[in-house]
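Residue numbers (our numbering): 177 to 588. The C-beta atom is built at its ideal place from N, Cα and C for all residues, glycine as well. Computed from a predicted structure; not experimentally measured. Written out below as structure tokens is the structure these notes cover.
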């Protein structure tokens, strides 16, 4: 059929005098050769030939035709779909090997399909079919692709059958929590093979996931990597959408992780429930020294949970609660002083005080927080810090932690 089309195209071209008079177009074969040399015809007829070869499993001819096509597209959706719909798994595996050779010619064990370039929700079933029996790939990057819950399940099934993949990167891939949990369940069932699901490899010490629009599903995968990783010391997840669910997943990982010393969860829509989960993790964690929970929605209730945890935690030295929700609860009765004065604070002053100030005041006598930087700065703040430190020393309390409160002061 392609040859017949070539004849007709060549005849039309000759009739329109688009063939130079000196061209040796004297036979049908030469006409076909000339027609195939035209880029537009080669692309149109070549695609039909490619799809026909994929449908009929003619790999040798498929390879020759693809080599002749003037097409730089690495991932041909129609070609993958044709082979996948026909059920030709070995054709899909051949296409996967060709894809690896085209994208990563120097490393046959790594395949980078990231950055919105290749894989969509409709492509994953075919790619998963090729991954099932693949024995070469060890690292697969699918970050920044549109992979939904159904596609994640296809990938999880492929990961179950695959025997060589050790690392996936699903960063910002539009996963649902259901899909993320399916991947984690498979990875946990193969602890000696699958090590990472979010691109945090064993050589990483500092991870920056800030401003990525990540949600609870991403936190599920980050938490898995933290549980098995033994090198990361700093985790920056500022300005995302974790919420209480995401904070819960990260907190559960902190109960196991023994290397993270800095955790930044600034501006993550975390409320009191999330703060409670983090507090439970702090009660047992012995490595985190700096915790940033600023610009969230934590009220006095969440601060209460954190303060109770700090009575048992001896490692946290910097806690940032700047810019949190100032929902006011009834004071516990402990006397406090106005930020700029010397006498006892009234109930209205206590209500207007930042959450950090109220946290420090409420639990100062319990040995939780002893040092507070006030927004005014200067000698008055220094005098207050000195007085608090002397009081803590006389009471025989632990070394002070540095706290940042709402409405000003240090950001830790």
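Rounded straight-line distance, which links the Cα of residue j to that of residue i
i	j	result
residue 380	residue 361	23 Å
residue 462	residue 334	38 Å
residue 500	residue 400	28 Å
residue 342	residue 406	16 Å
residue 338	residue 305	10 Å
residue 467	residue 324	32 Å
residue 279	residue 495	45 Å
residue 597	residue 472	Absent from the model: residue 597. The displayed extent of the chain is 177 to 588, so no value can be given.
residue 435	residue 265	43 Å
residue 485	residue 446	17 Å
residue 365	residue 404	13 Å
residue 476	residue 492	19 Å
residue 417	residue 389	6 Å
residue 331	residue 455	35 Å
residue 283	residue 437	34 Å
Span of the beta strand (DSSP E) around residue i
i	result
residue 383	382–384
residue 595	Residue 595 lies beyond the stretch modelled for the chain, which goes from 177 to 588, so this question has no answer here.
residue 410	410–412
residue 140	Shown here, the chain extends from 177 to 588; a query on residue 140 therefore has no answer.
residue 287	286–288
Buried or exposed by the 16-neighbour rule on C-beta atoms within 10 Å, applied to residue i
i	result
residue 391	buried
residue 345	buried
residue 277	exposed
residue 488	exposed
residue 448	buried
residue 602	As displayed, the chain neither begins before 177 nor continues past 588, which places residue 602 out of reach and without an answer.
residue 478	buried
residue 310	buried
Cβ-heavy atom distance, residue i to the ligand GDP, below 7 Å
i	result
residue 269	For the ligand GDP, the structure offers nothing, since it holds no ligand at all.
Contacting residues, own chain, Cβ-Cβ under 8 Å from residue i (five flanking each side not counted)
i	result
residue 314	285, 286, 340, 341, 342 and 343
residue 453	420, 423, 424, 427 and 428
residue 302	256, 257, 259, 260 and 268
residue 414	386, 387, 440, 441, 442, 443, 444 and 468
residue 348	319, 320, 388, 389, 390 and 394
Sequence-distant residues of the same chain with beta carbon closer than 7 Å to residue i, five excluded per side
i	result
residue 412	383, 384, 385, 386 and 440
Where the alpha helix (DSSP H) containing residue i begins and where it ends
i	result
residue 470	That residue, residue 470, is in no alpha helix (DSSP H); it is neither H nor E in DSSP.
residue 274	265–279
residue 440	No alpha helix (DSSP H) holds residue 440; the beta strand (DSSP E) holding it covers 438–440.
residue 333	325–337
residue 359	353–365
Own chain, CB closer than 6 Å to residue i, minus 5 neighbours either side, in chain order
i	result
residue 336	362
residue 297	322, 324 and 327
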